[in-house]
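Numbering (my numbering), first residue to last: 20 to 177. Note that beta-carbon positions come from the ideal geometry of N, C-alpha and C, so glycine has one too.
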């Protein structure tokens with residue numbers, strides 16, 4: 020039995036929608052290039068400048084078959100996105116003298132020292148050298164939204 024498959028839409032046909040302040044037209048062009056040149060499937064980008072939303076773009080598809088367009092409210096799995104945000108915030112705290120990057124995490128959070136982690140400095144956390152790639156025990160659905168459960172799970176890690 021043979022089946023005919025319709026060709027996928029071209030990346031150049033990726034729908035890009037949303038708002039982009041004219042001052043940032045080059046950003047919109049690069050966002051479109053993610054689909055045309057870099058074969059991005061779907062993405063969204065929002066940027067604020069001095070409290071003003073200047074870019075709020077979304078485009079592409081939510082599936083590999085390019086059959087479902089990305090919508091303004093498409094939900095995205097964003098595990099690694101938090102790494103950059105965390106690093107920016109940590110360095111800002113360090114600039115203000117509120118966080119010493121080379122100090123041990125346990126100096127700020129004593130429970131972190133459990134199970135042999137007492138000497139790990141913040142720098143190792145921020146540069147992914149702490150050896151804490153993932154929580155090893157299974158967690159219930161929604162655990163990432165439970166502060167106490169997650170801090171306990173991190174503290175228990177070896």
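So what does DSSP say about residue i, is it helix, strand or coil?
| i | result |
| --- | --- |
| residue 10 | Past the edges of the chain, shown from 20 to 177, lies residue 10, and the structure says nothing about it. |
| residue 130 | helix |
| residue 123 | strand |
| residue 41 | helix |
| residue 57 | coil |
| residue 148 | coil |
| residue 46 | helix |
| residue 161 | coil |
| residue 22 | Confidence at residue 22 is low in this model, with a pLDDT of 48, below 50, so its placement is unreliable and no value can be given for it. |
Let's see if you can read the secondary structure: which residues bound the alpha helix (DSSP H) around residue i?
| i | result |
| --- | --- |
| residue 8 | As shown, the chain starts at 20 and ends at 177. That puts residue 8 outside it, with no answer to give. |
| residue 175 | 166 to 175 |
| residue 104 | 100 to 114 |
| residue 145 | 141 to 145 |
Should residue i go down as buried or exposed, given a rule of 16 or more other Cβ atoms within 10 Å for buried?
| i | result |
| --- | --- |
| residue 106 | exposed |
| residue 128 | exposed |
| residue 158 | exposed |
| residue 167 | exposed |
| residue 63 | buried |
| residue 33 | buried |
| residue 147 | exposed |
| residue 39 | buried |
| residue 61 | buried |
| residue 110 | exposed |
| residue 69 | exposed |
| residue 79 | buried |
What are the residues that DSSP puts in a beta bridge with residue i?
| i | result |
| --- | --- |
| residue 36 | 77 |
| residue 65 | 75 |
| residue 88 | 80 |
Using 8 Å for Cβ pairs, my map puts residue i next to residue j. What's the rounded Cβ distance?
| i | j | result |
| --- | --- | --- |
| residue 131 | residue 174 | 6 Å |
| residue 140 | residue 160 | Not really, about 33 Å apart at Cβ, beyond 8 Å. |
| residue 37 | residue 91 | 7 Å |
| residue 76 | residue 47 | 6 Å |
| residue 176 | residue 151 | 6 Å |
Any chance the CB of residue i is under 7 Å from a heavy atom of the ligand NAD?
| i | result |
| --- | --- |
| residue 76 | What this structure holds is no ligand at all, so the ligand NAD is not there to describe. |
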